[in-house]
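Residue numbers (this note's numbering): 3 to 475. Each residue gets a CB set at the ideal place from its N, CA and C atoms; glycine is no exception.
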Amino acid sequence: MKYIFIPLFLSLFLVANDDIEKIQEELDSISQTLSNDVNIWKSYTNYNLYLDLKHKLDEIDSKIESGDSSKTLLNSKDILKKQLQIFGDLQSPFDKLVELPKLEQPKKINNPFDIFTSFSHMNQNLKHLQEYLSRIDEVERVLELLKRKRELMVALSQISTSSIQGKIEAVDRDIEVFENLLSSIKNTAEIYRNRIDEVNSEIEREILAHIANLLHIAVTILIIIAISFGLKYLSSRYLEDNQRVYMVNKAINLLTISITGIIIAFIYVDNIEYLVTILGFASAGLAIAMKDGFMSMFAWFVIIFGGSIKVGDRIKVVMNGAEYVGDVLDISFLRITLQEDVTLTTFEVNRRAGRIIFVPNNYIFTNLIANYSHQTLRTVWDGIDIVITFDSNHKKAMHIMKEIAKTYSQGYTDMTRKQLNRLRDRYNLRNTNVEPRMFSFISEYGIKLSVWYLTNAYATLNLRSNISSKIVD
3 MKYIFIPLFL SLFLVANDDI EKIQEELDSI SQTLSNDVNI WKSYTNYNLY
53 LDLKHKLDEI DSKIESGDSS KTLLNSKDIL KKQLQIFGDL QSPFDKLVEL
103 PKLEQPKKIN NPFDIFTSFS HMNQNLKHLQ EYLSRIDEVE RVLELLKRKR
153 ELMVALSQIS TSSIQGKIEA VDRDIEVFEN LLSSIKNTAE IYRNRIDEVN
203 SEIEREILAH IANLLHIAVT ILIIIAISFG LKYLSSRYLE DNQRVYMVNK
253 AINLLTISIT GIIIAFIYVD NIEYLVTILG FASAGLAIAM KDGFMSMFAW
303 FVIIFGGSIK VGDRIKVVMN GAEYVGDVLD ISFLRITLQE DVTLTTFEVN
353 RRAGRIIFVP NNYIFTNLIA NYSHQTLRTV WDGIDIVITF DSNHKKAMHI
403 MKEIAKTYSQ GYTDMTRKQL NRLRDRYNLR NTNVEPRMFS FISEYGIKLS
453 VWYLTNAYAT LNLRSNISSK IVD
């Protein structure tokens, strides 16, 4: 019988020893996971170490106060102080864990761009909530590991000969701490969630209110645009003069933009008096820095309401010694746009044509601008010069040149007579002679004959070429 119990006891001992090793391995794995992968546990362990060092320092201080001033005791005190300085002033291991992220508070939306900022604030608040809820998962993970560690320790205490009751009690204290922490974080998270829902709801209400405001503005602007299109349609339907139609459409565009700008300014500017003050100071500075720009804007009013230049007029501009002749395509707020045509100027001076020329409006104050087709006038005087020898019959030559010019320019002569009669109410016209004119002068190489006649302001070269050909023939 004795020989039967000995093998049985040995087999049970080996099985128990094997179980102890497996339990110990799992306990080591849990301890390693807590130490390396869980930040909360690291903070908690450091805090316990801090309390332990502080308790030891208090004990040393008590011994020193009681009269024990040995060198070993003083050295130990210095070492403990240096170690405590590394930790700083730890009040709680979970201060950062329970600290709530700062919420993005609802703000008044003053312009459409603030809508995107408000959406960003809502998303940021939701991210804060997700980040805080992830802390709960981390605490639950620690609790799960601690509870598993306690189960293993209890199982180990039942098969091990050594007593680990103290360690089990320490784990129980850790479990209690983290259970209280988990309960506190969950309660705080619920309050935090409700607060985020409240804040995001307020932000959402602000967004919806501003979107509704934007829709009202859009409808108002669409109505203004529709009215402007209607006025343009009426002007093109009932006004026969294309120039008047163009000017009316320009005025409608300017009025539409101005009304739209004023509406937006009154909606988005809370303090109009403040805006006027700022604009007053800004205008003074801009008037100096952008003198030419402001002069061009002022010149635009002079051109439009003065009537000296209109779209479609043929004008000549002299800028920095260069001459340009072309038709006015557009008169914008800052510049006049010309299309350069083939004229006597391009033939004799530029040798180029077809270019688009941009003339700042303020040039009407400082440079020469000649209008070939001002108001009702559509003709200009042009002249052809020839030189004959002194022994030639200059009287007969003058008669031939004048008759040819008179014949080919007759239509323009009659047109100009009517046009000048229309201008009498506007200008004091003294010389209204529109018949071709003939002049003769003595020059170095002979007698210079010059004939002048009226021609189309937009096609001077054509008539000039025809008359020249007939004179030669």
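With a threshold of 7 Å on Cβ separation, who are the neighbours of Lys-404 within its own chain once the five nearest residues in sequence on each side are excluded? For the purposes of this step, residue 404 is taken as residue 402 along the sequence shown, with counting starting at 1. Here the set comprises Pro-438, Met-440 and Val-453.
Just list the residues that DSSP pairs Tyr-385 with in beta bridges. Along the sequence shown, one-based indexing puts residue 385 at 383. It should be pointed out that residue 385 corresponds to Gly in this sequence rather than to Tyr. Paired residue(s): Trp-454.
C-alpha gap between Leu-331 and Ile-358, whole angstroms: As a working note, residue 331 is residue 329 in the sequence shown. As a working note, residue 358 is residue 356 in the sequence shown. Whole-angstrom Cα-Cα distance: 9 Å.
Would you check if the distance between the CB atom of Ile-333 and the CB atom of Ile-306 is smaller than 8 Å? What you label residue 333 is simply residue 331 of the sequence shown in a count that begins at 1. What you label residue 306 is simply residue 304 of the sequence shown in a count that begins at 1. In contact: Ile-333 and Ile-306 (Cβ atoms closer than 8 Å).
Option in Asn-196, Ile-371 and Gly-295 with minimal Cα separation from Val-319: Residue mapping note: residue 319 aligns to position 317 of the sequence shown, counting from 1. Closest option to Val-319, Cα to Cα, is Ile-371.
State the DSSP-derived secondary structure class of Lys-65, mapped to helix, strand or coil. By one-based count along the sequence shown, residue 65 stands at place 63. Helix at Lys-65.
Mind checking Tyr-455: buried by the 16 CB within 10 Å criterion, or exposed? As a working mapping, residue 455 is identified with position 453 in the sequence shown. Burial call: buried.
Same chain only: Cβ atoms within 7 Å of Leu-487, ignoring 5 sequence neighbours per side: Past the boundaries of the shown model lies residue 487; the chain is included only from 3 to 475, so the question cannot be answered.
Where Ile-259 and Ile-219 are concerned, what is the direct C-alpha to C-alpha distance, given to the nearest angstrom? Within the sequence shown, the letter at position 257 stands for residue 259. Within the sequence shown, the letter at position 217 stands for residue 219. Rounded to whole angstroms, Ile-259 to Ile-219 spans 14 Å at the Cα level.
Taking all protein chains shown into account, decide if Pro-108 is buried (16 or more other Cβ within 10 angstroms of its Cβ) or exposed. On the sequence shown, residue 108 is found 106 positions in, with the first residue counted as 1. Buried.
Hey, Gly-309 and Asp-329: beta-carbon distance below 8 Å or not? Within the sequence shown, residue 309 is the residue found at index 307, counting from 1. Within the sequence shown, residue 329 is the residue found at index 327, counting from 1. Not a contact, by the Cβ cut-off of 8 Å.
Sequence ranges, beta strand (DSSP E) only - wholly within the segment 281-352, length at least 3: 316-321, 324-333 and 337-342
Looking only at DSSP bridge pairs, what is Pro-438 linked to? The sequence position of residue 438 within the sequence shown is 436, counting from 1. BP columns for Pro-438 are empty, so no partner.
Compute the distance between the beta-carbons of Ile-317 and Ile-406, then report whether it is under 8 Å. Looking up residue 317 in the sequence shown gives position 315. Looking up residue 406 in the sequence shown gives position 404. Their beta carbons are not under 8 Å apart, which means Ile-317 does not touch Ile-406 by this criterion.
How many angstroms separate the CA atom of Ser-31 from the CA atom of Gln-132? Looking up residue 31 in the sequence shown gives position 29. Looking up residue 132 in the sequence shown gives position 130. About 29 Å.
Using the Cα positions of Ile-22 and Leu-29, report the straight-line distance between them to the nearest angstrom. Here residue 22 refers to the residue found at position 20 when the sequence shown is read from its first residue. Here residue 29 refers to the residue found at position 27 when the sequence shown is read from its first residue. Cα to Cα, the separation comes out at about 10 Å.
Since Leu-379 and Gln-421 should fall inside the 8 Å C-beta cutoff, what is the C-beta to C-beta distance between them, to a whole number of angstroms? On the sequence shown, residue 379 is found 377 positions in, with the first residue counted as 1. On the sequence shown, residue 421 is found 419 positions in, with the first residue counted as 1. That pair is a contact at about 5 Å.
Whole angstroms is fine: what's the gap from Leu-16's alpha carbon to Glu-27's? As a first step, residue 16 is located in the sequence shown; it is residue number 14 there, counting from the start. As a first step, residue 27 is located in the sequence shown; it is residue number 25 there, counting from the start. The predicted position of Leu-16 is uncertain, since its pLDDT is 45 and thus under 50; a value taken from the coordinates is nonetheless stated next. So the two alpha carbons sit approximately 17 Å from each other.
If we count the other Cβ atoms within 10 Å of its Cβ and call it buried at 16 or more, is Glu-106 buried or exposed? Taking the sequence shown and counting its residues from 1, the one referred to as residue 106 is at position 104. Its Cβ being crowded by 16 or more others within 10 Å, Glu-106 is buried.
What is the DSSP secondary structure of Ala-214, counted as helix, strand or coil? Numbered from its first residue, the sequence shown carries residue 214 at position 212. Here Ala-214 sits in helix by DSSP.
Is there contact here, the segment 387-405 with the segment 426-434, by at least three beta-carbon pairs under 8 Å? no
Pair every Cβ in the segment 168-176 with every Cβ in the segment 230-239, then say whether three or more of these pairs are closer than 8 Å. no
Just to confirm before moving on: does the CB-CB distance between Leu-224 and Pro-114 stay below 8 Å? Along the sequence shown, read from residue 1 onward, the residue named residue 224 stands at position 222. Along the sequence shown, read from residue 1 onward, the residue named residue 114 stands at position 112. Not closer than 8 Å, so no.
So, Lys-450 versus Asp-384, is the Cβ gap smaller than 8 Å? In the sequence shown, the residue the question calls residue 450 occupies position 448. In the sequence shown, the residue the question calls residue 384 occupies position 382. No, the pair does not count as a contact, with Cβ atoms beyond the cut-off.
Can you grab the Cα-Cα spacing for the pair Met-124 / Asn-202, in whole Å? Working through the sequence shown from its first residue, we reach residue 124 at position 122. Working through the sequence shown from its first residue, we reach residue 202 at position 200. Approximately 6 Å between the Cα atoms of the pair.
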